[in-house]
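K.L.:
Pasting a structure below so you can have a look.
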Amino acid sequence: MPLPKFPDGFLWGVSSSSYQVEGAVDEDGRGPSTWDTFSALPGKVLGGDTGRTATDHYHRYREDVALMRDLGVDVYRFSVAWPRVLPDGAGAVNKAGLDFYDRLVDELCAAGIAPAVTLFHWDTPQKIEDDGGWLNRDTAHRFADYAAIVGAKLHDRVRMWMPLNEPMVLTLFGYGIGAHAPGRELLFEALPVAHHQLLGHGLAVRALRAAGATNIGIANNHVPVWPASESPADRSAATLYDRIVNDLFAAPILTGRYPTEELAFAMPGPVAEDLETISTPLDWYGVNYYAPSKVAAPDANGTPARIDGASLPEGLPFDFPLIEGYPVTDYGWPVVPDGLYETLTTLAERYGDRLPPVYITEGGCSYHDKEHDTRRVEFLDGHLRALHRAVTDGIDVRGYFVWSIVDNFEWAVGYSQRFGLVHVDFDTLERTPKDSYHWYRDMIRAQR
Ligand code: IFM
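For what it's worth, the working numbering labels the leading residue of the sequence shown as 26, then goes sequentially.
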């Protein structure tokens with residue numbers, strides 16, 4: 026059955042990020058990022074994979090833009106690598122690095138594709154990390170300086186801006202449990218990382234506007250949190266997790282407040298003043314949705330919690346039992362299209378008219394099929410039907426971006442997971458569109 030019609034003007038897009046696709050990590054003056062450092066450490070990334078070559082998008086961007094043009098997307102969301110523009114994170118601009126994005130934006134515009142720019146998708150300049158990284162308040166100001174530089178160069182052609190991608194992941198996985206760069210295991214001591222990213226976001230929104238940029242949002246990931254049981258212990262663990270993964274990153278931006286007094290108290294100040302900057306009004310709000318999480322209180326026997334099959338450090342007040350009764354992707358994530366509907370209705374309930382128009386800035390799945398990825402087609406079809414229900418119920422959603430246009434470097438699991446509409450042979454770098462690419466192309470045509 027064809028998908029129901031989405032509202033006129035609904036944007037169809039695809040997403041990627043710099044470290045996951047670009048490669049060329051030491052070309053044309055790019056400085057090192059935390060992901061170069063982290064992925065070079067033995068045992069940090071599955072198979073010892075790194076983003077050194079990735080999909081070689083830095084050299085093959087014309088081929089990738091041509092694939093997107095033939096796909097018929099309205100918009101391409103990509104990220105600018107901070108260490109490509111400012112090799113030390115601050116100071117002298119690396120013109121060759123900035124020129125790469127200038128050429129990419131021109132190529133997209135010539136293909137009739139609107140550029141949507143993320144300024145930070147986790148590849149912190151190593152020098153910034155050496156100076157304290159996101160635990161250091163000064164990083165928020167350096168980030169805003171960088172935003173001003175990119176804004177000044179590209180604002181005349183970029184259609185959508187998002188300073189940050191998924192600040193929750195950098196906070197929890199990067200600084201909380203050490204599964205991502207920079208590999209710190211600070212548990213709750215990582216909370217200042219959330220505050221400094223949020224402050225950096227607010228400062229960057231203002232810097233972008235001052236540079237002439239318009240249409241600014243954020244790409245925040247949201248997770249429906251399901252308590253493992255009705256027991257008070259499981260319910261309270263789930264509520265705490267929900268506050269941390271969802272509201273901690275949405276409430277300050279949308280309401281100018283932290284979701285709980287305890288969280289506000291854990292943040293470095295001046296918190297009230299910073300919240301005014303953080304809640305600088307946005308033009309839209311981006312939601313990345315993949316799957317719900319089931320949350321329980323920690324195991325009474327002290328068995329360490331596990332997530333996605335990996336052990337978590339001791340001392341966390343949650344455990345993550347498997348969600349059963351749903352198909353799973355090849356990454357083991359449950360396929361729950363209704364979770365997208367739940368995410369959107371929860372956001373609308375919690376934030377009401379403070380929630381600006383929404384874009385789904387990421388949605389997708391990892392399957393290993395090279396060409397005939399029927400399961401990805403079913404995944405996308407199901408999620409778009411759930412999204413349509415939310416739109417019909419009155420939630421103002423204005424676009425959907427598939428993660429991702431091509432298979433790419435999937436962080437701590439390297440090249441073992443494939444999220445692309447286009448298969449990449451990581452030996453030859455040959456691109457082969459999958460069935461889902463053709464399905465998405467036909468669906469977009471039918472929507473017009
Ligand atoms: O690959 C990531 C992306 O970088 C951020 N959102 C989730 C994707 C799939 O894990």
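Beta carbons: idealized from backbone N, C-alpha and C, even for Gly.
1. Examine ligand 1 and report whether any of its heavy atoms sits within less than 8 Å of the Cβ of Tyr-101.
2. Measuring only the C-alpha atoms, how far is Trp-428 from His-205?
3. Does the distance from the C-beta atom of Pro-257 to that of Leu-273 stay below 9 Å?
4. Going by DSSP, which residues form a beta bridge with Pro-57?
5. Less than 8 Å separating the Cβ of Ala-271 from some heavy atom of ligand 1?
6. Using 9 Å as the threshold, is the C-beta distance between Phe-198 and Ala-437 below it?
7. How many angstroms separate the CA atom of Leu-347 from the CA atom of Ser-318?
8. Suppose you measure from the CA of Ile-303 to the CA of Ala-238; what does that come to, to the nearest Å?
9. Reducing DSSP to helix, strand and coil, say where Leu-111 ends up.
10. Are the Cβ atoms of Leu-96 and Tyr-462 separated by less than 9 Å?
11. Is any heavy atom of ligand 1 found at a distance shorter than 8 Å from the C-beta of Glu-25?
12. How far does the beta strand (DSSP E) with Pro-249 in it extend, from its first residue to its last?
13. Applying the criterion that 16 or more other CB atoms from any shown protein chain within 10 Å of the CB defines a buried residue, is Ser-336 buried or exposed?
14. Closer than 8 Å to a non-hydrogen atom of ligand 1 - does that hold for the CB of Glu-47?
15. Sort out for me which residues DSSP pairs Pro-359 with in a bridge.
16. Output the residue ranges of the alpha helix (DSSP H) runs that lie fully inside the region 227-291 and measure 4 residues or longer, sorted by chain position.
17. Would you kindly work out how many angstroms separate the C-alpha atoms of Asp-63 and Ile-202, rounded to a whole number?
18. Return yes when the Cβ of Pro-381 is within less than 9 Å of the Cβ of Asp-478, no when it is not.
19. Just the C-alpha distance for Pro-112 and Pro-57, rounded to the nearest angstrom, thanks.
20. Return helix, strand or coil for Pro-150, following the three-state DSSP convention.
21. Does the distance from the CB of Ser-41 to the CB of Arg-102 come in under 9 Å?
22. Over what stretch of residues does the beta strand (DSSP E) that includes Thr-417 continue unbroken?
23. State yes or no: is the C-beta of Trp-428 nearer than 8 Å to some heavy atom of ligand 3?
24. Extract the residue ranges of the alpha helix (DSSP H) inside the region 425-449, only unbroken runs of 4 or more that lie entirely within it.
25. Helix, strand or coil for Asp-124, going by three-state DSSP, please let me know.
26. Which residue marks the beginning of the beta strand (DSSP E) containing Gly-38, and which one marks its end?
27. Can you look up Pro-29 in the DSSP assignment and give me helix, strand or coil?
28. DSSP puts Pro-295 in a beta bridge; with which residues?
29. Short check: CB of Ala-91 to CB of Ala-169, under 9 Å?
30. Within its chain, find whatever has a CB closer than 6 Å to the CB of Arg-466; leave out the 5 residues flanking it on each side and keep chain order.
31. Taking a contact to mean a Cβ-Cβ separation below 9 Å, would you say Arg-85 touches Leu-454 in this structure?
32. Is Ser-408 buried or exposed, if buried means 16 or more other CB atoms sit within 10 Å of its CB?
P.N.:
In this structure, then:
1. Not under cutoff, so the answer is no.
2. One C-alpha to the other measures close to 19 Å.
3. In this structure, the beta-carbon distance from Pro-257 to Leu-273 does not fall below 9 Å.
4. DSSP, once it has assigned bridges, lists no residue as partnering Pro-57.
5. Per the sequence presented here, residue 271 reads as Asn, with Ala not at that position. Because no heavy atom of ligand 1 lies under 8 Å away, the Cβ of Asn-271 does not count as near it: no.
6. The answer is yes: Cβ separation under 9 Å.
7. Straight-line measurement puts the Cα of Ser-318 at about 8 Å from the Cα of Leu-347.
8. Ala-238 has its alpha-carbon roughly 18 Å from the corresponding atom of Ile-303.
9. Note: Leu-111 maps to coil in three-state DSSP.
10. Contact: yes.
11. In the structure displayed, the chain extends from 26 to 473; residue 25 sits before or after that span and is not available.
12. For Pro-249, no beta strand (DSSP E) segment is defined, and its DSSP state is neither H nor E.
13. Burial state of Ser-336 is exposed, judged by a 10 Å Cβ sphere holding fewer than 16 other Cβ atoms.
14. At a cut-off of 8 Å, the beta-carbon of Glu-47 does not count as near ligand 1: no heavy atom of the ligand is closer than that.
15. Pro-359 pairs with Val-353.
16. Runs found: 257-267, 273-280, 286-290.
17. Before going on, a small fix: residue 63 reads as Phe here, not Asp. Those two C-alpha atoms are separated by around 14 Å.
18. No information on residue 478 is available, as it lies outside the stretch 26 to 473 that the chain covers here.
19. Looking at the two C-alpha atoms, the distance is approximately 7 Å.
20. Look at Pro-150 here: in three-state DSSP terms it is strand.
21. A contact, by the Cβ cut-off of 9 Å.
22. Run containing Thr-417: none in the beta strand (DSSP E); it sits in the alpha helix (DSSP H), 399-417.
23. The model on display carries ligand 1 but not ligand 3.
24. DSSP runs (the alpha helix (DSSP H)) wholly in the region 425-449: none.
25. In this structure, Asp-124 counts as helix in the three-state DSSP scheme.
26. Per DSSP, Gly-38 belongs to the beta strand (DSSP E) from 36-40.
27. DSSP places Pro-29 in coil when its eight states are reduced to three.
28. According to DSSP, which records beta bridges pairwise, Pro-295 is partnered with nothing at all.
29. Cβ distance not < 9 Å, so Ala-91 and Ala-169 don't count as in contact.
30. For Arg-466, where only same-chain residues beyond five positions count, the Cβ hits under 6 Å are Leu-96, Gly-97.
31. Result yes, Cβ atoms of Arg-85 and Leu-454 sit closer than 9 Å.
32. Ser is not the amino acid found at residue 408; the sequence shown has His there. Looking at its Cβ environment, which holds 16 or more other Cβ atoms inside 10 Å, His-408 is buried.
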